[in-house]
Amino acid sequence: GNHEWLLGVVDKGVLNMVKIRLLGPRTSEWIGTRSDADYEPSCAIQLTFVETCYGTGNDLGRNAFRVNILATEAPVSWNVLPQTYLMGSEVDGNKPQPVKLMLNLGNNIWLLGVVDDGVLKLVKVRVTGLATSDWLGTRSDNDYDPSCAVHATFREECWDDGDDLSRDAYPVSLRATDEGVNSAKTCRGDIAQPLGDSSNGTNCPSPMMEGTTCAAHCNSGAIANGTFLCLAGKIRLQSVCSGHVAIGGKVLLTLSAVASGCPSPEQLRNMLARALEVNRDAVDGVFCEAGEEVPLSKNDALSEGHRTARALSIGGDLIAGVDGGMPAQDLLQRGLRLADNQTAFGVCLTTALRH
1333 GNHEWLLGVV DKGVLNMVKI RLLGPRTSEW IGTRSDADYE PSCAIQLTFV ETCYGTGNDL
1393 GRNAFRVNIL ATEAPVSWNV LPQTYLMGSE VDGNKPQPVK LMLNLGNNIW LLGVVDDGVL
1453 KLVKVRVTGL ATSDWLGTRS DNDYDPSCAV HATFREECWD DGDDLSRDAY PVSLRATDEG
1513 VNSAKTCRGD IAQPLGDSSN GTNCPSPMME GTTCAAHCNS GAIANGTFLC LAGKIRLQSV
1573 CSGHVAIGGK VLLTLSAVAS GCPSPEQLRN MLARALEVNR DAVDGVFCEA GEEVPLSKND
1633 ALSEGHRTAR ALSIGGDLIA GVDGGMPAQD LLQRGLRLAD NQTAFGVCLT TALRH
């Protein structure tokens, strides 16, 4: 952020790093230089090269490494705002409907949708300005998957199942911004409890943004084992410094589902255990959060006996090795199949939630 960049190379077994602030395509301002001869292996990989890698390095002088840069300004990235509407005589009797379903497909291409009278109505556009776009297609689906009516599970496959319509079927009244949009939930990072005799607090901010991680501070200066995760408004997982503590393998399971409402914690725990075919004691810390109301398709409304349902976020901790049970890797594979309605695990959970 703020045009600051952390640059690094591994040279002769030493991680050399420089932190700079970009001023132009070929100019920068020096912030700091560090090296680490005992770096964490993940710090030598682009995907897992993070700021904590710099934090464990040893300070060097300003001129230890010379930086020759060539930078370019990132292209404008547009975000669609909630003030966007689908219009026209084919939308709620010519009454504009706010777009509740939005998906960024990349390169400023957006998939927009509303559910109107049991029909999923979709438009694909390329955003070109604050209120302008290029039309890429229009489709509708009167037998859509319920998950396509939930923002969290609205995906490109929802478009693939629709029927093509003309350009003017659902005109778009667009509002967009080139500034970041942040609607994520937050967690109280200050309540994260590190484990281990040599732990000394955490580096968790408060508030902590949804999907971000943090870790324990270790007195020895070592990197903690594991991280905390902000998920569904709560701090989850564990971070441990060396000391007298034993933790069995855990898998954090999170799923999106559509049902009439949240089951009780006991019911959900039993549902997950049965669907995964594991001991009930292997399922712990279950949670369910009911989100937005989801309009069902005409066919689903007839079969379910009601026109709407709720978007649910469900999950819990799967504990490996309970009563000689399966290891964490096997639990992870079953958890992945639980999210697929085409597998026996997924069908079992979906059926339980609907009843």
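Each residue of the sequence shown is one higher than the last, beginning at 1333 in this note's numbering.
Yeah, the Cβ is synthetic: ideal placement off N, Cα and C, and Gly gets one too.
For residue i, three-class secondary structure by DSSP
i: T1485; result: helix
i: V1679; result: helix
i: T1416; result: coil
i: I1651; result: strand
i: D1449; result: coil
i: M1541; result: strand
i: I1441; result: strand
i: P1503; result: coil
i: R1394; result: coil
i: G1533; result: strand
i: P1478; result: helix
i: C1490; result: helix
i: I1508; result: What sits at residue 1508 in the sequence shown is Ala, not Ile. Correct three-state label for A1508: strand.
i: Q1429; result: strand
i: S1635; result: helix
i: T1518; result: strand
i: E1609; result: coil
i: T1380; result: helix
i: S1629; result: coil
i: S1360; result: strand
i: L1668; result: helix
i: L1527; result: strand
i: V1577; result: For V1577, the pLDDT reaches just 38, beneath the cut-off of 50, and the residue's location in the model is therefore unreliable, leaving the point undetermined.
i: L1685; result: helix
Cβ neighbour criterion (16 or more within 10 Å) applied to residue i
i: I1352; result: buried
i: Q1570; result: buried
i: R1471; result: buried
i: S1645; result: buried
i: I1363; result: exposed
i: A1463; result: exposed
i: D1368; result: buried
i: I1651; result: buried
i: G1498; result: According to the sequence provided, residue 1498 is Ser. The question's Gly does not apply to it. The residue is exposed, with fewer than 16 neighbouring Cβ atoms inside 10 Å.
i: R1366; result: buried
i: R1601; result: buried
i: G1393; result: exposed
i: V1504; result: buried
i: S1360; result: buried
i: S1596; result: exposed
i: V1341; result: exposed
i: R1358; result: exposed
i: S1635; result: exposed
Residue i - partner residues in DSSP beta bridges
i: N1348; result: V1341 and S1367
i: F1560; result: C1546
i: E1621; result: S1645
i: G1469; result: K1456
i: N1436; result: W1442
i: E1336; result: R1353
i: K1566; result: L1563
i: L1587; result: I1646
i: W1410; result: In the DSSP output, where bridge partners are listed per residue, W1410 has none listed.
i: D1496; result: R1471
i: T1640; result: P1627
i: D1616; result: D1649
Cut-off 8 Å between Cβ atoms - residues of its own chain near residue i, not counting five sequence neighbours on either side
i: V1421; result: In the sequence as presented, Val is not what sits at residue 1421; that position holds Ser. If we look at S1421 and ignore the five residues flanking it on each side, it has no Cβ neighbours.
i: D1466; result: V1457, R1458 and T1460
i: G1565; result: K1517, T1518, C1519, E1542 and E1621
i: D1701; result: Given a span of 1333 to 1687 for the chain in the structure shown, any question on residue 1701 remains unanswerable.
Same chain, Cβ closer than 6 Å to residue i, neighbours up to 5 away in sequence not counted
i: D1473; result: L1452, D1493 and G1494
i: N1631; result: D1475
i: A1501; result: E1422 and T1470
i: D1613; result: V1654
i: T1416; result: V1431, L1506 and R1507
i: D1522; result: S1538
i: V1412; result: M1434, W1442 and A1508
i: L1685; result: A1589 and A1591
i: A1524; result: T1534, C1536, F1560 and I1567
Own chain, CB closer than 7 Å to residue i, minus 5 neighbours either side, in chain order
i: C1375; result: L1347, F1381 and C1385
i: G1580; result: Its pLDDT being 49, under 50, G1580 is placed unreliably in this model, and the coordinates cannot settle the point.
i: V1298; result: Residue 1298 lies beyond the stretch modelled for the chain, which goes from 1333 to 1687, so this question has no answer here.
Any chain C beta carbon closer than 8 Å to residue i
i: N1390; result: Judged by its chain identifiers, the structure shown contains no chain C, having just a single protein chain.
Check: residue i C-beta below 7 Å from any heavy atom of the ligand GDP
i: L1664; result: Inclusion of the ligand GDP in the displayed structure is not the case, the ligand content being empty and no account of it being possible.
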